[in-house]
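Working notes, beginning with the structure itself.
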Ligand SMILES: NC(=O)c1ccc[n+]([C@@H]2O[C@H](COP(=O)([O-])OP(=O)(O)OC[C@H]3O[C@@H](n4cnc5c(N)ncnc54)[C@H](O)[C@@H]3O)[C@@H](O)[C@H]2O)c1
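In the numbering used here, the protein residues as written are 1 to 344.
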């Protein structure tokens, strides 16, 4: 039985510095050894060498995967590469963590899950933002029953602005407007509502930013089997916003603007949360402080999974559920009727 896990990262991009973040998170867990980084852009590879002098830096993934001391690879690249690179890592006999979104569609997700089963290795999704300070605090209040039975959830990221020209605004690379923030949002809702999804209705708008192939606004309305309805909306053409969260229960409501929920995003191992959300019940209105945005938990849990047989922090199947909802929302937006997600 091993007592430590050799780790590597593929993708050391400049956008959010997330290859660096993964390296730092891994280094912070004593049972994980951060051994290598693979980055195909020579400038970024040079940056990786400077930031992590103790790790070997490769520009070719096959070469890095030849190392027998690497047990776990984290894929931190653009969305359209996740499926191919994860399958490559799994077929080389590595446990694999894939940044969110797991991939672009359920066919890719199925091929990834199949590759993991054939290799007998763990495939996990990096939904770190389940640990956001506001999400953790809101979940606790709901689980304590403070707002009674939840029946209506609105979750929104709405603003007005021309998209940048980078890969995130190109649908064939990003998956569409919904795949970046929306994959976190759908994961939050799926992990908050203890019921299977019954149907999804999508409303997608493409009206203004024609230089971007992403949608301008996307909405998924999820109906769960227990009757809960969740409306998740993301917009780059909204002149007026809505709160991040509005949750209605039979005995109260939660309103959260999300302000300061993840202070220190992409700079600190644990984003110390500031701020609070509003809890409204029959006894009045209270501000409930956020908890810590405890993202480091993910790699601690992964070490416990690989070394002690604990459960996977976020399974590939959980990552696939998010993709199934995103895919079904788009299908529904095209067909004009509610659709049922294709589950495993
Ligand atoms: N979980 C979160 O909170 C969070 C935050 C930011 C980004 N992300 C995710 O991280 C991933 C990367 O996003 P980003 O903004 O860092 O992208 P980015 O474009 O800045 O970086 C990606 C890097 O991967 C490299 N790359 C691509 N294919 C490669 C290959 N085959 N071999 C080696 N290197 C390769 C590119 O050269 C690039 O430097 C995305 O999935 C994104 O959604 C997650």
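Note that beta-carbon positions come from the ideal geometry of N, C-alpha and C, so glycine has one too.
{"Check": "Quick one: complete beta strand (DSSP E) runs, 3+ long, within the stretch 154 to 240?", "Outcome": "197 to 205, 217 to 224 and 229 to 235"}
{"Check": "Does residue 83 pass the burial test, meaning 16 or more other C-beta atoms within 10 Å, or should it be called exposed?", "Outcome": "buried"}
{"Check": "Roughly how many angstroms separate the alpha carbons of residue 337 and residue 201, rounded to a whole number?", "Outcome": "7 Å"}
{"Check": "Do residue 232 and residue 182 have their CB atoms nearer than 8 Å?", "Outcome": "yes"}
{"Check": "Check whether the Cβ of residue 28 lies closer than 7 Å to any heavy atom of ligand 1, and answer yes or no.", "Outcome": "no"}
{"Check": "Residues in its own chain within less than 6 Å of residue 11 by CB, not counting five upstream and five downstream?", "Outcome": "19, 76 and 77"}
{"Check": "Suppose the cutoff is 6 Å on Cβ atoms and the five residues either side in sequence are ignored; what does the same chain contact list for residue 6 look like?", "Outcome": "33, 35, 69, 70 and 71"}
{"Check": "For the putative contact between residue 125 and residue 98, defined by C-beta atoms under 8 Å, what is the C-beta separation to the nearest angstrom?", "Outcome": "6 Å"}
{"Check": "Where does the unbroken beta strand (DSSP E) through residue 289 begin, and where does it stop?", "Outcome": "284 to 289"}
{"Check": "Mind checking whether the beta-carbon of residue 18 lies closer than 7 Å to any heavy atom of ligand 1?", "Outcome": "yes"}
{"Check": "Which residues in the same chain have their Cβ closer than 6 Å to the Cβ of residue 44, if we skip the five residues on either side of it in sequence?", "Outcome": "12"}
{"Check": "Could you please give me the residues that DSSP links to residue 342 through a beta bridge?", "Outcome": "According to DSSP, residue 342 bridges with nothing at all."}
{"Check": "Is residue 326 close to ligand 1? I mean its beta-carbon at under 7 Å from any heavy atom of the ligand.", "Outcome": "no"}
{"Check": "Can you name, in chain order, every residue of its own chain whose Cβ lies under 6 Å from the Cβ of residue 289, other than the five neighbours on each side?", "Outcome": "276"}
{"Check": "Restricting to Cα atoms, I'd like to know which of 42, 48 and 31 is closest to residue 17.", "Outcome": "48"}
{"Check": "Measuring only the C-alpha atoms, how far is residue 42 from residue 59?", "Outcome": "7 Å"}
{"Check": "Hey, out of 284, 171 and 249, whose CA is closest to residue 209's CA?", "Outcome": "171"}
{"Check": "Given a cut-off of 8 Å, decide if residue 113 and residue 299 are closer than it, judged by their beta-carbon atoms.", "Outcome": "no"}
{"Check": "Count the CB pairs spanning the stretch 141 to 153 and the stretch 188 to 202 that are closer than 8 Å, and state whether there are at least three.", "Outcome": "yes"}
{"Check": "So residue 324 packs on residue 106, CB below 8 Å; how close in whole Å?", "Outcome": "5 Å"}
{"Check": "I'd like to know whether the C-beta atoms of residue 252 and residue 146 end up nearer to each other than 8 Å.", "Outcome": "yes"}
{"Check": "Roughly how many whole angstroms lie between the Cα atoms of residue 326 and residue 303?", "Outcome": "30 Å"}
{"Check": "Tell me whether residue 179 is buried or exposed, calling it buried when 16 or more other Cβ atoms sit within 10 Å of its Cβ.", "Outcome": "buried"}
{"Check": "Need the endpoints of the beta strand (DSSP E) that residue 328 sits in, please.", "Outcome": "No beta strand (DSSP E) contains residue 328, which is instead part of the alpha helix (DSSP H) from 316 to 335."}
{"Check": "Give the single residue among 203, 54, 240 and 193 whose Cα lies nearest to the Cα of residue 366.", "Outcome": "This structure does not reach residue 366, given that the chain is present from 1 up to 344, and the question cannot be answered."}
{"Check": "Is the beta carbon of residue 130 within less than 7 Å of some heavy atom of ligand 1?", "Outcome": "no"}
{"Check": "May I ask you to check if the CB of residue 172 is nearer than 7 Å to at least one heavy atom of ligand 1?", "Outcome": "no"}
{"Check": "Can you check the stretch 13 to 63 for any alpha helix (DSSP H) of at least 4 residues that lies completely inside it and give the ranges in chain order?", "Outcome": "18 to 27 and 42 to 51"}
{"Check": "If you drop the 5 nearest sequence neighbours on each side, which residues of the same chain put their C-beta closer than 6 Å to that of residue 2?", "Outcome": "none"}
{"Check": "Indicate, with yes or no, if ligand 1 has a heavy atom lying under 7 Å from the CB of residue 290.", "Outcome": "no"}
{"Check": "Does the beta-carbon distance from residue 24 to residue 133 come in below 8 Å?", "Outcome": "no"}
{"Check": "Since residue 121 and residue 102 are thought to touch, with beta carbons under 8 Å apart, how far apart are those beta carbons, to the nearest angstrom?", "Outcome": "About 15 Å separates the two Cβ atoms, so there is no contact after all."}
{"Check": "DSSP three-state label for residue 301, please.", "Outcome": "helix"}
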